[in-house]
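In what follows, a structure is listed as structure tokens, so that the remarks can point back to it.
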Amino acid sequence: MASCGSLPPLTRRIDQPRLATWQVYKSNEISSPEAYWNTPSPISAILVSTTTVITITTAMSLHPLIDNGIVKGRQNFAGGTLYCRCPSNQVAVSLKSNVAHNHACGCSKCWKPAGALFSIVGVVPRENLSVTANESKLVIVDESAAIQRHACKDCGVHLYGRIEKDHPFKGLDFVHVELSNEEGWQEPQFAGFVSSIIEQGFNPKGMDDVRARFRGLGLDTYDVLSPQLMDLIATFNAQKAGFTFAA
């Protein structure tokens, strides 16, 4: 087993930065400049010394909550508390209900744990969320964004995202249930913005593998949100334009 920290001198690494478990399985002599730059697949990498190409495979993590299968939530789960990851003086956020529309998200804005390609994010009604400890540690990551993500300034974890301007999802707060110690939260329902991981450096050749992993978990994949949520957005925009619909 090789690790990034034990590579020989004069070694160049070409890989996805978040994929961190390495296993050497093949070694070939460099025969051309093309061999130096060729990366055989997006879930593998090449470690290149002055004379040898070492091809290694990686363990691709979608997200720790789903990598080993999906655990179903409890139907009547009543909520819990989210905590930042500081060792002390943790920010605490209380949720008075379960989340809805929980999903894997591939966008570059949502917080995700180190090594994961996707975040897991759901929503709760704004009135069901309250900050119960160390609120002074929260800062808004990007005040210009539609979703104002409130993160702990010390550990960087996003505790919740809130929409203040006119928006189809205004009134819903975005949260990551992995920050809770309780079990029973709604399990992920789908994967959204899947192709967005390419914009963050993931090799597009590996997208079939990513989508296959989600299908194996029973999750549909979309390059935006689920059809239900996209219908909600379209309905909001249509009503803004003056259209009315029968109840």
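Numbering (full-length UniProt numbering), first residue to last: 1 to 247.
Backbone N, C-alpha and C define an ideal beta-carbon position, used for all residues, glycine too.
In the structure shown, what three-state DSSP assignment does residue i receive?
| i | result |
| --- | --- |
| alanine 234 | helix |
| asparagine 98 | coil |
| leucine 229 | helix |
| residue 257 | Nothing about residue 257 can be read from this structure; the chain reaches only from 1 to 247. |
| arginine 126 | helix |
| valine 177 | helix |
| glutamine 186 | coil |
| glutamine 148 | strand |
Taking residue i as part of the alpha helix (DSSP H), name the residues at either end of that continuous run.
| i | result |
| --- | --- |
| phenylalanine 214 | 207-216 |
Leaving aside the five residues before and after residue i along the sequence, list all residues of the same chain whose C-beta is less than 7 Å from its C-beta, in chain order.
| i | result |
| --- | --- |
| leucine 232 | Pro168 |
| aspartate 154 | Cys86 and Lys137 |
| threonine 244 | none |
| alanine 247 | none |
| alanine 212 | none |
How is the beta strand (DSSP E) around residue i delimited, first residue to last?
| i | result |
| --- | --- |
| serine 130 | 129-133 |
| tyrosine 222 | Careful: tyrosine 222 lies outside any beta strand (DSSP E) and carries neither H nor E. |
| leucine 159 | 158-162 |
| glycine 80 | 80-83 |
Please work out which residues of its chain come closer than 8 Å, Cβ to Cβ, to residue i, disregarding the five sequence neighbours upstream and downstream, and give them in chain order.
| i | result |
| --- | --- |
| aspartate 220 | Phe190, Ala191, Phe214 and Ser226 |
| tryptophan 185 | Gly73, Phe77, Gly80, Asn98, Val99, Asn102, Gly122 and Val177 |
| serine 108 | Ser196, Glu199 and Gln200 |
| glutamate 135 | Val91 |
To which residues does DSSP link residue i through a beta bridge?
| i | result |
| --- | --- |
| cysteine 105 | Ser119 and Gly192 |
| alanine 246 | None; alanine 246 has no bridge partner. |
| isoleucine 140 | His150 |
| leucine 65 | None; leucine 65 has no bridge partner. |
| valine 93 | Leu82 and Val131 |
Please list, in chain order, all residues of the same chain as residue i whose beta carbon is under 6 Å from its beta carbon, the five residues on each side excluded.
| i | result |
| --- | --- |
| glutamate 183 | none |
| glycine 161 | Ile147, Arg149 and Phe174 |
| asparagine 89 | Asn134 |
| threonine 132 | Ala92 and Ser94 |
State whether the region 119-135 contacts the region 57-74, with contact taken as three or more CB pairs (one from each stretch) at a distance under 8 Å.
yes
With three or more C-beta pairs closer than 8 Å as the rule, is the region 179-197 touching the region 76-86?
yes
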